[in-house]
Amino acid sequence: MKLWDFGRVKDGKVRIGDKIRHRVGLEDGSQVYSTLFRYEHNGARGHEIVLSTFGPENYRELCNLTFYMIDSPGACAQAAKFLSDRNVDILNSVSVSMTCGISMVWKMLVDLSYYGDSTQLTEDFAALRRTSPTALSKVEGLEISTSHISDRYTKGVSGPQSSKITAKALRKVSRSPSPIKDESFPIPKDYLDQLEGVTEGTPVMMVGDVDSWVLSMSFLPDDCLIVEMSFEIPDKPGAIFRATEALAAQNVNLLAVSSRVLVYGQKMTLDLVADLSQAGDLDKVCEAILA
627 MKLWDFGRVK
637 DGKVRIGDKI
647 RHRVGLEDGS
657 QVYSTLFRYE
667 HNGARGHEIV
677 LSTFGPENYR
687 ELCNLTFYMI
697 DSPGACAQAA
707 KFLSDRNVDI
717 LNSVSVSMTC
727 GISMVWKMLV
737 DLSYYGDSTQ
747 LTEDFAALRR
757 TSPTALSKVE
767 GLEISTSHIS
777 DRYTKGVSGP
787 QSSKITAKAL
797 RKVSRSPSPI
807 KDESFPIPKD
817 YLDQLEGVTE
827 GTPVMMVGDV
837 DSWVLSMSFL
847 PDDCLIVEMS
857 FEIPDKPGAI
867 FRATEALAAQ
877 NVNLLAVSSR
887 VLVYGQKMTL
897 DLVADLSQAG
907 DLDKVCEAIL
917 A
């Protein structure tokens, strides 16, 4: 999902744009927790701040839960009552009717802090369906798994295998949150002391992760030249390769890539955010892609 934005450091703060702030729940008055990471590769360094409204004490109790339901009046109420009766707090969620009048799926992030563990919740669900079928007559099934928000806080961005890129947490999650005020995140002073090269006006790239409900802030070089580009390309194998290869030949550094099919097997859009500071003329770059 395309969810990115850009800003600058101003007076030790970073303003969070509307399109990200609303989606990941970083509204004014929110108390957010953060971790500062440093990444290194071949002598180059970069920094990232990870933000979330969920505190470290919640990590083990936050779970991803999915209800499978019959799409009829009262289905969501039955699912919500099942959780409410067990003091399970529904946090962020979305429900979608897969087939109108027949099936529905409700995906949510839940907090089990006041209940127990996910295994017990699954057992309770099965027991209630056996002993009181009417209580869950419109709820067909439940799936639950541990949230991986804690991985994002403790490991940073890391692949499943060993990497040439090293990630180190310079400042781990503090139990003292920072307030979002005037739509901005105040960078803690101890973070600023660690952010080499980050000064007034430094560009910041923000990426929202709605699966983990976190916001990533990374700091860009002061001389970067950021542009957004959108292309319509054929929907066929190799089309994205040829576009990105053409950009690489022009020394264009891609920061974000999003593709979306318009007509299956015929055409698609390719949306890009790129740094052209080391590239040539923008018109020539576009000509190279469309050639």
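Heads up: the sequence shown begins at 627 in my numbering, then just goes up one per residue. Where a beta carbon is used, it is the ideal one built from N, C-alpha and C, also for glycine. Please read these numbers as outputs of a predicted model, since none were measured by experiment.
Item checked: Pick from C912, L898, A900 and A865 that is closest to G891, judged by C-alpha positions -> A865
Check: Using the beta-carbon count (16 or more within 10 Å), is F867 buried or exposed?
Finding: exposed
Next item on the list: Could you work out which residue in H673, F845, C912 and L908 is closest to A869 when comparing CA atoms only?
Entry: C912
Note to self: If you reduce the DSSP assignment to three classes, tell me which class S776 lands in.
What the structure shows: helix
Check: So, helix, strand or coil for S613, using DSSP?
Finding: Only positions 627 to 917 of the chain appear in the structure, and residue 613 is not among them; the question remains open.
Next item on the list: Run through the stretch 850-878 for me and flag every whole alpha helix (DSSP H) of 4 or more residues, listed as ranges in chain order.
Entry: 865-875
Notebook entry, point to check: Looking only at DSSP bridge pairs, what is I572 linked to?
Noted result: Past the edges of the chain, shown from 627 to 917, lies residue 572, and the structure says nothing about it.
Notebook entry, point to check: Taking 7 Å as the cut-off, does the CB of R755 come closer than this to any heavy atom belonging to the ligand PLP?
Noted result: No copy of the ligand PLP occurs in the structure displayed, which carries no ligand at all.
Check: Nearest-angstrom Cα distance between S739 and R634?
Finding: 37 Å
Next item on the list: Tell me whether D848 sits in a helix, a strand or coil according to DSSP, three-state version.
Entry: coil
Margin query: Counting C-beta neighbours from all protein chains within 10 Å, is the total for E854 16 or more, i.e. buried, or is it exposed?
Written below: exposed
Checklist line | CB-CB length for M724 against V731, believed under 8 Å | finding: 6 Å
Notebook entry, point to check: According to DSSP, is Q892 helix, strand or coil?
Noted result: coil
Notebook entry, point to check: Nearest-angstrom Cα distance between P814 and L762?
Noted result: 47 Å
Check: How would you label I642, buried or exposed, when you count the other beta carbons within 10 angstroms and need 16 or more for buried?
Finding: buried
Item checked: For S903 and D849, the rounded distance between their alpha carbons -> 7 Å
Next item on the list: Going by DSSP, name the residue or residues bridged to K733.
Entry: DSSP lists T692 and V720 as the bridge partner or partners of K733.
Notebook entry, point to check: Sorted by chain position, which residues of the same chain lie with C-beta nearer than 8 Å to V640's C-beta, five sequence neighbours on each side aside?
Noted result: G633, R634, S810, F811, I813, V830, M832 and M843
Checklist line | Other residues of its chain near A905: CB distance less than 7 Å, five sequence neighbours each side excluded | finding: Q876, N877, V878 and V911
Note to self: Let me confirm a value: R778 is counted as buried when at least 16 other C-beta atoms fall within 10 Å, else exposed. Which label applies?
What the structure shows: buried
Note to self: Quick check: M734 and S719, are their CB atoms within less than 8 Å of each other?
What the structure shows: yes
Next item on the list: Quick one: measure Cβ to Cβ for M894 and S885, integer angstroms, because I've assumed they're closer than 8 Å.
Entry: 6 Å
Next item on the list: Just the C-alpha distance for A753 and I716, rounded to the nearest angstrom, thanks.
Entry: Each residue's alpha carbon lies about 21 Å from the other.
Margin query: Please state whether the Cβ-Cβ distance between I806 and S678 is less than 8 Å.
Written below: no
Next item on the list: Would you kindly work out how many angstroms separate the C-alpha atoms of L821 and R647, rounded to a whole number?
Entry: Per the coordinates, the alpha-carbon of L821 lies some 23 Å from the alpha-carbon of R647.
Next item on the list: Give the single residue among P699, V889, V840 and S802 whose Cα lies nearest to the Cα of G727.
Entry: P699
Next item on the list: Please classify R755: does DSSP put it in a helix, a strand, or coil?
Entry: Here R755 sits in helix by DSSP.
Check: By DSSP, does D715 sit in helix, in strand, or in coil?
Finding: Three-state result, D715: strand.
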